[in-house]
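Counting in our numbering, the sequence shown runs without a single skipped number right up to 448 at its last residue. All C-beta atoms, glycine included, are put in the ideal place defined by N, C-alpha and C. One structure is given below, encoded as structure tokens.
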Amino acid sequence: MKQRILKIVCIGAGYVGGPTMAVIADRCPDISVTVIDLNAARIAAWNSDALPVYEPGLAEIVRRTRGRNLRFISQTEGAAAIAQADAVFISVNTPTKTQGEGAGKASDLSYVESCARYIAEHATGPTIVIEKSTMPVRAADTIKRILSSGKNGGSFHVLSNPEFLAEGTAIRDLEKPDRVLIGGENPTAIEALAAVYRHWVPEAAILRTGLWSAELSKLAANAFLAQRVSSINAISALCEATEADVDEVAGVCGADTRIGPKFLKASIGFGGSCFKKDLLSLIYLCEFYQLSGPAAYWQGVLDINEWQKRRIAAMAAEHAKLGGGVVAILGLAFKKNTNDFRESPAIDICNQLLASGVRLRLQDERVDAKDFAAHIVDQRKVGVEFFADVAPAADGADALLILTEWDCYATIDWPALFSSCGKNPAIFDGRAIIDRRAAISAGFKVYSVGKG
Ligand code: UDX
Ligand code: ADP
């Protein structure tokens, strides 16, 4: 086993693999980093000026590292890189299974398994194989089993090094992580990976655990975060009923250092590729181990999220139908500062609105309209139009529904917008970010989540 990692390969050039490897290359000029992906178009985009992932600060880092110690190549060219690698990160998607045992809940490990087969086939020397994607507990067993079938004489140690970055703040999270987690069995492998992170992360922030604890910690951390959002969203509905203000309640609760102020912003519900998938995976694990109480507990977190989306969509639809039945959706991304709309609340909300018979005018700062349209399953897609700017999207709208907390929505000039909207326009602020007084005095009816 090599004591030092000098050559890294990452399989998977997505929202996690791309930014993570860019920051490793930036902070470790002595390490060469190769990112490979099955998707040749994605690799071409990483090699262009139009990166496939939007993250503040990412383009600058890629510009200074690409061609220096960072390269993006397609899978077909990856075999030689694997053969020489000291460490291979697996950073591919682990979506919820759609068929077979555990369908609808368990994570689909087929992409991970195919990476393990690829590594087993091409690795030649001692290689540290690192789980970067979120995995169910004991996924490392599966990876180890596949790796041990390799015929090229490669020897392997598997580590779990889950990523805690959040989209929109990925670069900041990678450069100044609260903690880096390395789970494993072999101390030399663990220390070799820790030495990579020590290039920029303080030793005290590098946590070491067993493999299974590391795998479970990532699922648990995401479940706790999702649970906070569902908790504040459950309180938001009560605030609306009792004329309390959810931001005030969150401020008071968060001032208790045992609770803390972060992740208490009421919303239309959480989205993104992780929370729902990881909660489902956790629920599946609980059920697998016949822990029905914990399974029901985590299911409740998901249920509140669905309920919150449904009730806000229903309010907007009801109001729009009093007029011409047109809703402008402001924000499609699952949060601001990303072009990602995987599991975005906007998808379910748009589908519900279309099903209730309203027409939609969609706008977002970064999301590709055509890609998003493909995710609206309702057949009445004909009732959907896309706009690059807020004003044309709002033109003639009976309801403006803010779904993403993009900064530009917080500073909309409401008096200027009012005259172009429908007759009796309402704003449904699903992120509670606008200046309510300004919007009300401009003539709008205003609903803000969690505001009585
Ligand atoms: C999450 C975890 O934060 C990260 O550590 C993990 O690695 C991946 O999953 P991400 O999904 O990218 O990251 O974004 P996050 O900031 O966690 O937001 C998730 C969702 O919760 C978003 O839809 C966001 O709008 C929503 N949210 C978050 C709220 O509605 N209110 C909050 O207070 C915080
Ligand atoms: P994440 O948010 O976890 O990064 P993404 O879907 O953005 O997920 O990225 C995962 C990437 O992994 C995709 O670009 C996909 O093409 C790639 N991928 C999936 N399976 C394989 C594989 N077996 N070999 C190489 N790349 C893969």
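message: What does the alpha-carbon distance come out to for the pair V322 and E117?
response: The sequence position of residue 322 within the sequence shown is 326, counting from 1. The sequence position of residue 117 within the sequence shown is 121, counting from 1. Going by the C-alpha atoms only, they are around 56 Å apart.
- prompt: Can you find a heavy atom of the ligand UDX that lies under 6 Å from the Cβ of F259?
  reply: Along the sequence shown, one-based indexing puts residue 259 at 263. It does: the Cβ of F259 is within 6 Å (strictly closer) of some heavy atom of the ligand UDX.
- request: Indicate, with yes or no, if the ligand ADP has a heavy atom lying under 6 Å from the CB of R38.
  value: Residue 38 sits at position 42 when you count from the first residue of the sequence shown. Inclusion of R38 in the 6 Å shell around the ligand ADP follows from its C-beta lying nearer than that to a non-hydrogen atom of the ligand.
- prompt: Taking the Cβ atom as the reference point for each residue, do P341 and K305 lie within a distance shorter than 7 Å?
  reply: Taking the first residue of the sequence shown as 1, we reach residue 341 at position 345. Taking the first residue of the sequence shown as 1, we reach residue 305 at position 309. Yes; because the gap between Cβ atoms is below 7 Å, this pair is in contact.
task: Compute every distance between the C-beta of Q71 and the non-hydrogen atoms of the ligand ADP, then say whether any falls below 6 Å.
output: If you number the sequence shown from 1, residue 71 lands on position 75. Correct: Q71 has its Cβ closer than 6 Å to the ligand ADP.
message: Taking only three categories from DSSP, how would you classify G379?
response: Working through the sequence shown from its first residue, we reach residue 379 at position 383. The answer is helix: DSSP assigns G379 an H, G or I state.
Nearest neighbour of S269, chosen from V88, S106, Q71 and E181 [CA to CA]: The residue you call residue 269 lines up with position 273 of the sequence shown. Selected option, being the one with the closest Cα: V88.
Through-space distance from D33 to L2, alpha-carbon basis: The count along the sequence shown starts at 1 and reaches residue 2 at position 6. The count along the sequence shown starts at 1 and reaches residue 33 at position 37. Cα-Cα distance, rounded: 21 Å.
Cβ separation of A18 and I57, assumed to be a contact under 8 Å, to the nearest whole Å: Stepping through the sequence shown from its first residue, residue 18 is reached at position 22. Stepping through the sequence shown from its first residue, residue 57 is reached at position 61. With a contact defined as Cβ atoms closer than 8 Å, A18 and I57 qualify at about 5 Å.
task: Identify the continuous beta strand (DSSP E) that holds G179 and give its terminal residues.
output: Numbered from 1 along the sequence shown, position 183 holds the residue referred to as residue 179. In the DSSP assignment, G179 falls within the beta strand (DSSP E) that extends over V176 to G179.
Chain-order list of residues whose beta-carbon lies under 6 Å from that of R38 (same chain, five-residue window excluded): Along the sequence shown, read from residue 1 onward, the residue named residue 38 stands at position 42. The residues A9 and P48, in chain order, have a CB closer than 6 Å to that of R38 in the same chain once the five nearest residues on each side in sequence are set aside.
query: Exposed or buried, which one is Y280 when buried takes at least 16 other CB atoms within 10 Å?
result: For the purposes of this step, residue 280 is taken as the residue at position 284 of the sequence shown. Answer is buried; the Cβ neighbour count reaches 16.
- prompt: If you check the beta carbons only, do I178 and I167 fall under 7 Å apart?
  reply: Stepping through the sequence shown from its first residue, residue 178 is reached at position 182. Stepping through the sequence shown from its first residue, residue 167 is reached at position 171. The answer is no: Cβ separation not under 7 Å.
task: Put I202 into one of helix, strand or coil per three-state DSSP.
output: Stepping through the sequence shown from its first residue, residue 202 is reached at position 206. Note: I202 maps to strand in three-state DSSP.
- prompt: So who's on the other strand from F152, going by DSSP bridges?
  reply: Numbered from its first residue, the sequence shown carries residue 152 at position 156. Beta-bridge pairing links F152 to T123.
task: Using alpha carbons as the reference points, say which of G53, I142 and G150 lies closest to Y107.
output: Within the sequence shown, residue 107 is the residue found at index 111, counting from 1. Nearest option by C-alpha distance: I142.
query: Closer than 6 Å: is that where the CB of V225 sits relative to any heavy atom of the ligand UDX?
result: As a working note, residue 225 is residue 229 in the sequence shown. Yes.
field: Reference S213, options S352, Q80 and K128, closest by Cα
entry: On the sequence shown, residue 213 is found 217 positions in, with the first residue counted as 1. The option with the nearest alpha carbon to S213 is K128.
message: For I115 and A246, what's the separation of their Cα atoms in angstroms?
response: Along the sequence shown, one-based indexing puts residue 115 at 119. Along the sequence shown, one-based indexing puts residue 246 at 250. Going by C-alpha positions, I115 is about 48 Å away from A246.
query: Taking the Cβ atom as the reference point for each residue, do G164 and N333 lie within a distance shorter than 7 Å?
result: The count along the sequence shown starts at 1 and reaches residue 164 at position 168. The count along the sequence shown starts at 1 and reaches residue 333 at position 337. Yes, they are a contact pair.
query: Between the stretch 204 to 218 and the stretch 151 to 165, are three or more C-beta pairs nearer than 8 Å?
result: The answer is yes - the stretch 151 to 165 touches the stretch 204 to 218, with three or more Cβ pairs under 8 Å.
task: Could you tell me if the beta carbon of A412 falls within a distance shorter than 6 Å of some heavy atom in the ligand MG?
output: In the structure on display, the ligand MG does not appear, and the ligands it does have are the ligand UDX and the ligand ADP.
task: Return yes when the Cβ of A102 is within less than 7 Å of the Cβ of S156, no when it is not.
output: Within the sequence shown, residue 156 is the residue found at index 160, counting from 1. Within the sequence shown, residue 102 is the residue found at index 106, counting from 1. Taking 7 Å as the Cβ cut-off, S156 and A102 do not qualify as a contacting pair.
message: What does DSSP give as the partner residue(s) for Y443 in the beta ladder?
response: Here residue 443 refers to the residue found at position 447 of the sequence shown. In the DSSP output, where bridge partners are listed per residue, Y443 has F424.
task: Between the Cα of T30 and those of P52, G74, R0 and L54, spot the shortest distance and give me the residue it belongs to.
output: As a position in the sequence shown, residue 30 is number 34, starting the count at 1. Checking every option, the nearest Cα to that of T30 belongs to G74.
query: For V242 versus C249, is the C-beta spacing smaller than 7 Å?
result: Numbered from its first residue, the sequence shown carries residue 242 at position 246. Numbered from its first residue, the sequence shown carries residue 249 at position 253. The answer is no: Cβ separation not under 7 Å.
- prompt: Any idea what DSSP makes of I20, helix, strand or coil?
  reply: Your numbering for residue 20 matches position 24 in the sequence shown. Three-state DSSP puts I20 in a helix.
field: For T61, the nearest candidate out of E97, D409, Q80 and P15 (CA to CA)
entry: Within the sequence shown, numbered from 1, the residue matching residue 61 stands at position 65. When only C-alpha atoms are compared, the closest one is P15.
- request: Round the Cβ separation of A222 and F271 to the nearest angstrom and send it over; I've been treating them as touching at under 8 Å.
  value: Counting from one through the sequence shown, the residue named residue 222 turns up at place 226. Counting from one through the sequence shown, the residue named residue 271 turns up at place 275. Their Cβ separation, rounded to whole angstroms, is 4 Å, which keeps A222 and F271 in contact under 8 Å.
message: Spatial neighbours of W42 within its chain, please: C-beta separation below 6 Å, excluding the five flanking residues on both sides.
response: Here residue 42 is taken as the residue at index 46 of the sequence shown, counted from 1. The beta carbon of W42 sits closer than 6 Å to the beta carbons of A9 and F68 from its chain, once the five residues preceding and following it are set aside; these are given in chain order.
- prompt: How far does the beta strand (DSSP E) with R433 in it reach, from first residue to last?
  reply: Against the sequence shown, residue 433 aligns to sequence position 437. Per DSSP, R433 is not a residue of any beta strand (DSSP E); the alpha helix (DSSP H) it occupies stretches across R432 to S437.
- prompt: From V133, V225 and L413, pick the residue whose C-alpha is nearest to that of A438; which is it?
  reply: Taking the sequence shown and counting its residues from 1, one reaches residue 438 at position 442. Nearest Cα to A438 within the set V133, V225 and L413: L413.
message: Which residues does DSSP list as the beta-bridge partners of V322?
response: Locating residue 322 in the sequence shown gives position 326, counting from the first residue. Note: V322 is bridge-paired with R355 in the DSSP secondary-structure output.
field: Contact belief for V192 with V154 at Cβ below 8 Å, rounded distance in angstroms
entry: On the sequence shown, position 196 is the one that residue 192 refers to. On the sequence shown, position 158 is the one that residue 154 refers to. With 8 Å as the limit, V192 and V154 do not qualify as a contact, their Cβ atoms being about 16 Å apart.
field: Chain-order list of residues whose beta-carbon lies under 6 Å from that of R254 (same chain, five-residue window excluded)
entry: Counted from its first residue, the sequence shown places residue 254 at position 258. Contacts found: none.
- prompt: Exposed or buried, E339, counting other C-beta atoms within 10 Å across all chains shown (16 or more means buried)?
  reply: As a first step, residue 339 must be located in the sequence shown, where it is residue number 343. Burial call: buried.
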